[in-house]
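Residue numbers for the sequence shown follow this note's numbering, so the first one is 103 and each next one is one higher.
Ideal Cβ placement from N, Cα and C applies to all residues, glycine included.
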Amino acid sequence: MTAKNIEIETALRSAQASLAVEGMTLTEKEEALVKERLAGNVSQESFLQRALELSRNE
Numbered sequence: 103m104t105a106k107n108i109e110i111e112t113a114l115r116s117a118q119a120s121l122a123v124e125g126m127t128l129t130e131k132e133e134a135l136v137k138e139r140l141a142g143n144v145s146q147e148s149f150l151q152r153a154l155e156l157s158r159n160e
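Shown next, in the form of structure tokens:
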């Protein structure tokens with residue numbers, strides 16, 4: 103695992119822990135989208151659009 107991947111996984115685990123405190127979780131699709139954004143594979147605009155679409159479909 104690369105240093106960047108470790109950083110992404112650490113950030114994601116931290117976010118998941120924060121959500122868990124509030125009784126919330128990420129779906130697999132949401133988690134995949136967050137990972138793509140953290141890796142720099144998705145623009146902020148695209149991320150927000152896709153996140154909104156996911157929230158409307160669930």
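Could you tell me the alpha carbon to alpha carbon distance between residue i and residue j, rounded to whole angstroms?
{"i": "G125", "j": "Q118", "result": "10 Å"}
{"i": "F149", "j": "N159", "result": "15 Å"}
{"i": "L114", "j": "K137", "result": "8 Å"}
{"i": "K131", "j": "T112", "result": "18 Å"}
{"i": "V144", "j": "L128", "result": "18 Å"}
{"i": "A43", "j": "S157", "result": "Limits of the chain in this structure are 103 at one end and 160 at the other, which puts residue 43 out of reach."}
Check the C-beta distance from residue i over to residue j and give it rounded, since I have them as a contact under 8 Å.
{"i": "L135", "j": "A153", "result": "6 Å"}
Hey, would you say residue i sits closer than 8 Å to residue j, going by beta carbons?
{"i": "A141", "j": "I110", "result": "yes"}
Query raised in the report: Whole alpha helix (DSSP H) runs in the stretch 106 to 156 with 4 or more residues, listed along the chain?
Result: 130 to 140
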